[in-house]
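Just so you know, the numbering used here puts 819 at position 4 of the sequence shown, and the rest follows in order with no gaps.
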Amino acid sequence: MSDPNHAELINQIHLSECEIEALRAKIANTDESSVNPADFSVMRNEQEEHRQRILKCKSEIDQNKYAG
816 MSDPNHAELI
826 NQIHLSECEI
836 EALRAKIANT
846 DESSVNPADF
856 SVMRNEQEEH
866 RQRILKCKSE
876 IDQNKYAG
């Protein structure tokens, strides 16, 4: 039976939120004149991947919550 508290999914959400914040800070503190624009794109793509992971985890929690 699955974890009724969804601990693993909640942990994944928390980790992704931390990664998003770390990337946001890294982007904000990076000197744009010394960084390749492609590197900014990579960081923004990583942020988006973490946002998508959060949405997926929340969806799984909702599905498990209302499935039974």
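Glycine residues also receive a C-beta, built at the ideal position from the N, C-alpha and C atoms.
All figures in this text were calculated on a predicted structure; none of them were measured in a lab.
Asked: Pairwise C-alpha distance: E847 and E832; Found: 24 Å
Asked: Short Cβ contact (8 Å threshold) for I835 with Q862; Found: yes
Asked: Backbone secondary structure at C833 - three-state DSSP; Found: helix
Asked: Per-residue burial, H865 [other beta carbons within 10 Å of its own, 16 or more giving buried]; Found: buried
Asked: V857 burial status per 10 Å Cβ neighbour count (16 or more: buried); Found: exposed
Asked: Straight-line gap, E823 to P852 (C-alpha atoms, nearest Å); Found: 35 Å
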